[in-house]
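Residues in the sequence shown are numbered consecutively from 554, following the working numbering.
Note that CB positions come from ideal geometry on N, CA and C, so glycine has one too.
The structure under discussion appears below in the form of structure tokens.
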Amino acid sequence: MRDVLGEIVPWFASGERFGLATVVDTFRSAPRPAGAAMAVAPGGEVAGSVSGGCVEGAVYELAREVVASGRPVLRRYGVSDDDAFSVGLTCGGVLDILVEPVDAGTFPAFPRVAASIEAHEPVAVATVVGGPGRLGARRVVWPGRAEGSLAPGETYAARLDAAVDDDARGMLAQGVTGTRRYGPEGERRGDDLAVFVQTFAPPPRLLVFGAIDFAAAVARVGTFLGHHVTVCDARPVFATRKRFPDADEVVVEWPHKYLARTAVDERTAIAVLTHDPKFDVPLLEAALRTPAGYIGAMGSRRTHDDRRARLLAAGVSEAELARLRSPIGLDLGARTPEETAVSIAAELVQWRWGGSGRPLTRTSGRIHREPAG
């Protein structure tokens, strides 16, 4: 829903009902992940995509029907063969898509959800997509509160909502979206009530240290990939908004001091581009002791060897050094700042999804992966 939010907020404000199609589960080589959305306006306008083109036409028609009927529908789309579904996916994958009518009556919490997403505040939307519950029943979960109920009646205890709240908050912390299944007491079971939990965590942070031309390119591609990008350098003449228009923040401060006072979690990526020991060593000494999931440093192999020796002398352990990706990036033969930024971005994607970094022509099996963590 995040990708179509800019279009559907005005539709909701107009008071007219629109259709929202969301991928709630995928199998094999599905073209879009769970959470991908497509919306259909009352006048027929379309925003977003659920399959990259394979089933958009069929989902569009279904969304129009759902808007007219006011009833949600769960539909499966898969491979075209003797057991074909209504529409085939040329990639051989399978998608489960929930198509819902959305207006003030069916989704009263929508304005609050949209406001949280736009403000980069964590929020999760839990929706019944299978089992004995009412299809489309919804509960919205924030870190400190929740509203709505998923319990389909007396058979399911109120503790179901509490169990979903706990799972949703855990998934928010990890930035994970997916389907969970529950029994009548809220216990996790594989054959009962299916609940799709879509999380809208704040964008992961990309901390870029060193206000050089390479940093401008890394900030640009980092923003493109959906990171909240901060560029930090101790030199005010270089760390300016004019030089880094694509960054969310430009900070003038000694890098290690800034890192000591800023929030870092497992989703944070740190790119050290200064290759200057007076900046690098205290910064990396601090960075390698944070929970940051990705820590990379630019420089030649000679620079790396010198940096490594300095860090060991500063008391950094071999285990801590093993977390450092240096030289930073994948081996693409990159030379220009833009090409180097692509190399770093490729390694960030590999870190997120656990890919091999090899050409797909030299691999086999599934192309799309679950998150590495």
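- Message: Helix, strand or coil, according to DSSP, for T914 in the structure here?
- Response: helix
- Which residues bound the alpha helix (DSSP H) around A616? For A616, the uninterrupted alpha helix (DSSP H) run begins and ends at E609 to S622, by DSSP.
- Item | Where E845 sits in the DSSP three-state scheme | Just to set this straight, residue 845 is Ala in the shown sequence, not Glu. DSSP places A845 in coil when its eight states are reduced to three.
- Where the beta strand (DSSP E) through V771 begins and ends: Careful: V771 lies outside any beta strand (DSSP E), inside the alpha helix (DSSP H) at D766 to F777.
- Kindly indicate the opening and closing residues of the beta strand (DSSP E) around A503. Look at the range of the chain in this structure, 554 to 926, and you will see that residue 503 is not part of it.
- Item | 6 Å CB neighbourhood of E819 in its chain, flanking five on each side removed | P844 and G846
- Three CB pairs or more closer than 8 Å across the segment 748-761 and the segment 876-886: Too few Cβ pairs lie closer than 8 Å, so no.
- Message: Quick check for students: name the residue ranges of the alpha helix (DSSP H) that lie wholly in the segment 784-830, counting only runs of 4 or more.
- Response: 808-814
- Query: Taking DSSP as the reference, what is the three-state secondary structure of S604?
  - Reply: In the three-state reduction of the DSSP assignment, S604 falls in the coil class, being assigned neither a helical nor a strand state.
- Query: With 16 other CB atoms within 10 Å as the buried threshold, where does G882 fall?
  - Reply: Classification of G882: buried, given that the 10 Å Cβ count is 16 or more.
- Message: Does the structure place the segment 905-912 close enough to the segment 831-839 that three or more beta carbon pairs sit under 8 Å?
- Response: no
- Message: Could you give the first and the last residue of the continuous beta strand (DSSP E) run that contains P654?
- Response: V647 to V655
- C-alpha gap between H828 and V599, whole angstroms: 47 Å
- Task: Compare the Cα-Cα distances from L901 to each of D718, V761 and K810 and report the closest residue.
- Result: Among D718, V761 and K810, the Cα nearest to that of L901 belongs to V761.
- Message: So, with DSSP's three-state summary, where would you put M724?
- Response: helix
- Message: Let's test the definition: count the other Cβ atoms within 10 Å of the Cβ of G597 and tell me whether it reaches 16, buried, or not, exposed.
- Response: exposed
- Task: Taking 8 Å as the cut-off, decide whether the C-beta atoms of V694 and D718 are in contact.
- Result: Here V694 is near D718, since their CB atoms are less than 8 Å apart.
- Query: What does a CB cutoff of less than 8 Å around R742 pick up in its chain, not counting 5 residues either side in sequence?
  - Reply: R734, Y735 and G736
- Expressed to the nearest angstrom, what Euclidean distance is found between the alpha-carbon atoms of F638 and A704? For F638, the pLDDT reaches just 45, beneath the cut-off of 50, and the residue's location in the model is therefore unreliable, leaving the point undetermined.
- Verify whether the separation of the beta carbon atoms of F767 and P880 is less than 8 Å. no
- Message: Can you give me the C-alpha to C-alpha distance between R773 and Q727, rounded to a whole angstrom?
- Response: 25 Å
- Query: With 16 as the cutoff for other CB atoms within 10 Å, does V790 come out buried or exposed?
  - Reply: Here V790 is exposed, its C-beta having fewer than 16 other C-beta atoms within 10 Å.
- State the Cα-Cα distance for the pair I650 and I848, rounded to the nearest angstrom. 37 Å
- Message: On the criterion of 16 or more Cβ atoms from any shown chain inside 10 Å, does I920 qualify as buried, or is it exposed?
- Response: exposed
- Item | A677, buried or exposed, once every other Cβ within 10 Å from all chains shown has been counted against 16 | buried
- Expressed to the nearest angstrom, what Euclidean distance is found between the alpha-carbon atoms of C785 and Y709? 52 Å
- Roughly how far, in whole angstroms, is the beta-carbon of P756 from the beta-carbon of G731, given that I think they are within contact range, below 8 Å? About 19 Å separates the two Cβ atoms, so there is no contact after all.
- Could you pull the start and end residues of the alpha helix (DSSP H) that G683 belongs to? Note, G683: premise wrong, no alpha helix (DSSP H); beta strand (DSSP E) at V676 to G683.
- Task: Report all residues from its chain with a CB closer than 8 Å to the CB of L746; omit the five preceding and five following residues, and keep chain order.
- Result: The beta carbon of L746 is closer than 8 Å to those of V681, G683, G684, P685, G686, L703, P705, Y709, L713, R734, Y735 and G736 in its chain, skipping five residues each way along the sequence.
- Length of the line joining the Cα atoms of V738 and R796: Correcting the residue identity first, residue 738 is Glu in this sequence and not Val. Those two C-alpha atoms are separated by around 56 Å.
- Assigned exposure category for P798 - 16 Cβ within 10 Å defines buried: exposed
- Query: Among A672, A690, V729 and V666, which one has its Cα closest to the Cα of R698?
  - Reply: V666
- In three-state terms, what does DSSP make of A574? strand
- Message: Can you tell me which residues form a DSSP beta bridge with V694?
- Response: A677 and A699
- Task: Determine the extent of the alpha helix (DSSP H) in which R854 is found, giving its start and end residues.
- Result: That run of the alpha helix (DSSP H) goes R854 to A866.
- Quick one: give me the first and last residue of the beta strand (DSSP E) that T752 is part of. L746 to F753
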